[in-house]
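Okay, so the sequence shown: first residue is 1 according to UniProt numbering, each after it adds one. By construction, the Cβ of each residue, glycine as well, lies at the ideal position given by its N, Cα and C atoms. Presented below is the structure to which this report refers.
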Amino acid sequence: MWRSTCGAGGGTGALGALLGALSRRISRIGGCFADESACRHKMAGPRLGPPVNVQRLSFSLLCLSPSHTARAVTSRPDAHWKNNDADYSFRRVVTATTAEARTPETRTKTTASRRPRVPRFALVLIRCDFFRPVFRAKMSITGNEIKIIQSLSGHRSDVTSSDFASDYTLVTGSSDKTVRVWEWVRGFGYVERAFSPLRGHKYQVTCVRISPQGAMLASASVDGTAVLWNLHSGLKIYTMVQVNGDAIRVCRFAPDSSILVTAGDNGAVCVWDLVHRSLIRTIVEHEGTTTSLTFTPDSQYLISACSLEVLKIWYVQDLVDTTSDSSCCPVAKCENAHDLGVVCAEISKKITTDEDDPLIKRYTMATSGNSNEIKIWTITSKSTPKHKNAVNEVAVEYCDSFDGHNSSVTCIRYTNNGAYLVSSSLDKLVKIWDEEGNCVATLRGHTRYVNCVAVSKDCLLAASGSNDKLILVWDLTGNLTTDSELVKPLRLSFNSLGAIPELQLMRNAESNDNEVKLLEKIDDISEGAINCCSFNSSGILATGSGDKLVRLFRVVEENNNVEELSYSPLEGHTYPVNYVEFSRDGSKLASCSLDGGTNIWESETGEKVASLPENSLSVKVCRFSPDGNFLITAGDDEKATIWDSEFKPIATLEGHLDAVTSASFTPDAAIIATTSFNADFRLWKNESYETITVQEDAHDYGIQSCDFSQNLEPVPNNIIDVQSYLLGTCGNDGFVKLWRISVPKKNDELGFEEIEVKVWRVLRGHGGNVICVRFSPNVSEIICSTATDRQARIWSVYSAECLYVLDHDSIVTACAFSSDCSLVATGCIDKTLWLWRMPQQLVFRTIVATKIQCRTKALIDWSTSDVVRWLRNMDLADMTENAQNTFLDGQKILTLSEEQICSGLELSEEQSERLSRELRWLKQDELQISQTKNCEIPHEFLCPITHEIMREPVTCSDGFTYEKNAICEWFMSGKYSSPLTNEILTNTEYTYNHELRNAIHSFLEQDD
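Written as structure tokens, this is what we have:
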């Protein structure tokens, strides 16, 4: 029954004894399994795998020298046993070394859980091949035979969930509390990544999901948490806690990567913003356990299902709209969807439209339950623009049932092209169905319940997980082996000078810099308290203090030292300086004082260029508008004065009943906010200088400071035409409040008469009066506050979480961010100036958030402004004026033909050709149509991150081109290094690669 041959020195001594013992043991096994019942009895345990009839055994001997040179002689079976159209194949690898005696657990880890590492003095590798049953079924996808290509062990309990990334990375979750990440390595098949398993849950893992672009991984658990991981490094990004801490059964990414949704035992559905890593909304509508979540492929609808047989459909825009205080209601509902409750739901990626009405979309959904049937449903949606206050019409209709399983169907997955549905069941089977409900294949191999199944994006592989603790990897083509090269190396196109460093597998280097660091504490820089500070865009730091002086400093990057400039201090005030601020371009510096005067200085020379007429009372604040055209001053006379760019007074704002403590402009300079000691703040029109609204009792005991977010879209809102602003205030009640100010837009004009002001967040944590509040520049992701409790606090604007507490020796009076958000300066009443360096990850997050909107608008909801923005991005800026004049919007794009649109815009023939091509692709993107080619795809058309053909190629600062959604998701995962070189990016800017995009379009439009 056995043949063996050894290399030099391989068949004598201890090795010979080992081979003899193993030969006798396997001979006994072969003799025992004379019939199928004995086979089932002897091989029921997980170590030996599923029941099989053994007819042949293959033996391989690998002999190694200390230099790791290897050669193998193999006796392989020359025939295989068939029964009822089934092949029986079973593979196990056993290793033995002289260094250590391996336990069964050690063998499992060595052979399946990680890339095999050859010990320096390894003597022998014995390979035994058994035969495991595999159903031989023809699938019209390939017309070849399906077989098990690999059996993965490593989990110590039930395998509960699995998922594939586009680069064939396989992720599995288990009741053993771990998540394992497997990569395909040519010659070995699936091996475990070096950082695997991921340990972050206290109880069983119920669900794992890879993000659409493959940068992140989400895992959910009975412990009530969902953890977001970086799939490439294994680092934990963020932990989300379910409402009341109840068990989470399911988690799903939206296809556009904007949100993650979790649900579980308490029926609550939690919607998480992935950009800001914050909870947007909690829906408590299901009375039973929410067992399943699925999105339509265009990210427009979310379907939730529960154990009480109920399906509910939600419009995603309603879920993410944080401008609305009203509770969300489902747009459609289906009761009695499945007897004994719904277990799983999945929507096909195919979207069809009505020929007569392009606004009507149809989606196909499959559901499974605790019965043995799979139900097929059609969801029909008629979309209407939300900014026109219309309501989407949604209907769900039962269509068909797929019958074939003998027990509950635990998991269902559509293939990426929507042509097939794969299901797993408690009957130990995996089945593959075509669109007509025909079972085209039944896959047998597991010995216990099959809990989960996943299919690779190209339909080459499937993976199933079971209570037998195994993951079976299925070859859906019949042509693959562990030697197959699934992930082909990319030949990279580099768009800047410099060589490509060696690619390396390592954890994020940037993750080590995750704390605020004190760079320098400068004692006694003045003879009075530091009352204020401000950075300009050139990195100059200005301070105003109780000794009547304005001082200017520069941070030396080489050693992080703070040096005072040669022309500092600036003398011009006769009493303490209350406030200093640079203009947005950094060229001018304004300072105001208790003496009632305001001075304007040249930043680079220290020369005084203007001295505003003195007020009879103290001037507490002086601030420039973002465009530099206006300056506001205010103080103890209960008034605010507006000055033009020549520093001439143009308006006086009157109405406060107490001293004006602070003022701020909106980022578009449309609104001015002023605050007062009597606890109210007022909003004013910047053109007419009329009062818009008065917010009384904003803070108990008075307001100390205010600041507007510089983000023109601070609160996610894609539904109606509303301009939102975010105002931060702080006061003597110890709170920082963030106010959402919403102004309706009519024909791009602000309707101030319908303005709405509401508290959006309250930041609690200070133990004293809060003196100063400042948003970070640009996107204003974070906010800093200072207080009499001797602390400065850094807050997340969107989660209201206190990220860092900066302790000082005395009352902290002022704070300021540098223009790139890398530095924070704080001033204290004890005459000290503190300079802090912000964590690099937090700095990059604020930059990345400017590029990544919380959600992508549906085309139907595009306004004319959205169309103009799209035209500019597509290098069609010469058409924007015509689009504005004709009020071209998303509804017209969807309902009119390309010819009608081009004619209405009065375009030239060349312009019409360019626009028509882009409109066709825009509509295909709206329907999530996947363009595929049967021929070889040029390597430069593939995204290095996803290994898929690019739709929106963009070039980053590392010189390489990526799919836009992929690089944005890469940044969201917390990685700010180059995906290809692993070097820290100089910036996160990207530019559209129009030339490559046009080449991809031309390639895909060619006939196969």
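Whole-angstrom distance between residue j and residue i, CA atom to CA atom
| i | j | result |
| --- | --- | --- |
| residue 957 | residue 277 | 25 Å |
| residue 735 | residue 705 | 11 Å |
| residue 724 | residue 953 | 31 Å |
| residue 951 | residue 803 | 37 Å |
| residue 1014 | residue 998 | Residue 1014 is absent from the structure shown; the chain starts at 1 and stops at 1008. |
| residue 167 | residue 939 | 15 Å |
| residue 22 | residue 153 | A caution first: residue 22 carries a pLDDT of 40, below 50, which makes its placement in the model too unreliable to give a value. |
| residue 401 | residue 439 | 12 Å |
| residue 239 | residue 666 | 34 Å |
| residue 528 | residue 540 | 21 Å |
| residue 54 | residue 393 | With a pLDDT of only 32 at residue 54, under 50, the local geometry of the prediction cannot be trusted, and the value read off the model is given with reservation. Straight-line Cα distance between these residues: approximately 59 Å. |
| residue 317 | residue 452 | 30 Å |
| residue 357 | residue 895 | 8 Å |
| residue 981 | residue 233 | 14 Å |
| residue 107 | residue 470 | Unreliable placement is indicated for residue 107, whose pLDDT of 34 sits below 50; the coordinate value is still reported in the next sentence. Each residue's alpha carbon lies about 15 Å from the other. |
Neighbourhood of residue i by C-beta distance below 6 Å, restricted to the same chain and skipping five residues each side
| i | result |
| --- | --- |
| residue 632 | 623, 640, 642, 663 |
| residue 472 | 148, 151, 445, 464 |
| residue 336 | 309 |
| residue 176 | 155, 156, 157 |
| residue 683 | 671, 673, 692, 693 |
| residue 798 | 276, 278 |
| residue 182 | 170, 190, 192 |
| residue 800 | 761, 763 |
| residue 405 | 372, 425, 427 |
| residue 1006 | none |
Whether residue i touches residue j by CB criterion (8 Å)
| i | j | result |
| --- | --- | --- |
| residue 552 | residue 542 | yes |
| residue 412 | residue 441 | no |
| residue 516 | residue 806 | yes |
| residue 891 | residue 864 | no |
| residue 634 | residue 660 | yes |
| residue 293 | residue 319 | no |
| residue 450 | residue 311 | no |
| residue 163 | residue 210 | yes |
| residue 305 | residue 291 | yes |
| residue 476 | residue 486 | no |
| residue 179 | residue 203 | no |
| residue 584 | residue 655 | no |
| residue 579 | residue 591 | yes |
| residue 1020 | residue 215 | The question about residue 1020 has no answer, for the chain in this structure spans 1 to 1008. |
When the options are compared against residue i, the one with the closest alpha-carbon
| i | options | result |
| --- | --- | --- |
| residue 917 | 936, 904, 897 | 897 |
| residue 658 | 674, 189, 807, 605 | 674 |
| residue 256 | 212, 248, 245 | 212 |
| residue 713 | 694, 743, 253, 696 | 743 |
| residue 726 | 764, 671, 407 | 671 |
| residue 165 | 895, 455, 968 | 455 |
| residue 960 | 886, 170, 943, 947 | 943 |
| residue 375 | 339, 353, 362 | 339 |
| residue 828 | 436, 530, 160, 145 | 530 |
| residue 826 | 868, 334, 676, 771 | 771 |
| residue 298 | 859, 1005, 920, 880 | 859 |
| residue 903 | 467, 882, 947 | 882 |
| residue 893 | 915, 230, 613, 768 | 915 |
Same chain, Cβ closer than 7 Å to residue i, five either side skipped, listed in chain order
| i | result |
| --- | --- |
| residue 482 | 149, 150, 187, 188, 189 |
| residue 563 | 553, 554, 556 |
| residue 1001 | 917, 921 |
Cβ-heavy atom distance, residue i to the ligand ATP, below 7 Å
| i | result |
| --- | --- |
| residue 768 | Looking for the ligand ATP in the displayed structure turns up nothing, as the structure carries no ligands at all. |
Spatial neighbours of residue i in its chain, beta-carbon cut-off 8 Å, leaving aside the 5 residues before and after
| i | result |
| --- | --- |
| residue 1080 | Because residue 1080 is not part of the residues shown, which for the chain are 1 to 1008, the question remains open. |
Legend entry - Any 3 or more C-beta pairs closer than 8 Å across the region 415–431 and the region 345–355: yes
Legend entry - the region 810–827 / the region 531–546 touching (three or more Cβ pairs under 8 Å): yes
Legend entry - Stretch pair the region 828–836 + the region 794–813: three plus CB contacts closer than 8 Å: yes
Inset, instruction - Could you tell me whether the region 774–781 touches the region 740–758, where touching means 3 or more Cβ pairs closer than 8 Å? - result: These segments do not touch.
Legend entry - Cβ contact check for the region 565–584 and the region 594–614: 3 or more pairs under 8 Å: With contact defined as three or more Cβ pairs closer than 8 Å, the region 565–584 and the region 594–614 are in contact.
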